[in-house]
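In what follows, a single structure is set out as structure tokens and then discussed.
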Amino acid sequence: MSIIHLLYALAATVAIYACLPQLRKLTQTKQSDEFSLSTWVIWLVTQGVAVLYAITISDPLYATVSVVWLGFYALMVTLIVKYRKEAKLAVVQEVTQKP
């Protein structure tokens, strides 16, 4: 493995770990109002294309990193949608239960 491969693997690992506070905040607060769903969906789609590209050029390191990012973005989008639905449902229940 060359120096640039090692640097890429290290940089990707650091970047992925740097995003974990976003995931932690979302799972702890269970509120996704401050997260832009459209931005996260765009990142998810872009990463899906990156995975296809990595497979096409037969680059296992890039493919691995891209798959990890794809999983992260998919999880974030799923949780953002889930917590938005739960928040809307809570508001509807609150409104319908008022006398």
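At position 38 of the sequence shown the residue is numbered 374 (the numbering used here), and the sequence of numbers has no breaks. Here a beta-carbon is modelled for each residue, glycine too, at the ideal position from N, C-alpha and C.
Which same chain residues, not among the five before or five after residue i, have their C-beta less than 8 angstroms away from its C-beta?
i, result
"V413", "L373, W376, V377 and L380"
"L415", "L359, L362, T363 and S368"
Given this structure, state the Cα-to-Cα distance separating residue i from residue j, to the nearest angstrom.
i, j, result
"V403", "T365", "27 angstroms"
"Q383", "Y389", "10 angstroms"
"L422", "A399", "Checking the sequence, you will find Glu at residue 422 rather than Leu. If I take the Cα positions, the gap works out to 34 angstroms."
"I352", "L362", "16 angstroms"
"S368", "L406", "19 angstroms"
"I341", "L397", "Note that residue 341 corresponds to His in the displayed sequence, not to Ile. Going by the C-alpha atoms only, they are around 8 angstroms apart."
"V387", "K424", "34 angstroms"
"I339", "T392", "23 angstroms"
"K418", "L346", "32 angstroms"
Go ahead and pull the three-state DSSP assignment for residue i.
i, result
"Q367", "coil"
"M337", "coil"
"S374", "helix"
"I416", "helix"
"S394", "coil"
Excluding the 5 residues flanking residue i on each side, which residues of the same chain have their C-beta closer than 7 angstroms to its C-beta?
i, result
"C355", "F408"
Does the beta-carbon of residue i have 16 or more other beta-carbons within 10 angstroms, so that it is buried, or is it exposed?
i, result
"V401", "buried"
Leaving aside the five residues before and after residue i along the sequence, list all residues of the same chain whose C-beta is less than 6 angstroms from its C-beta, in chain order.
i, result
"F371", "I416"
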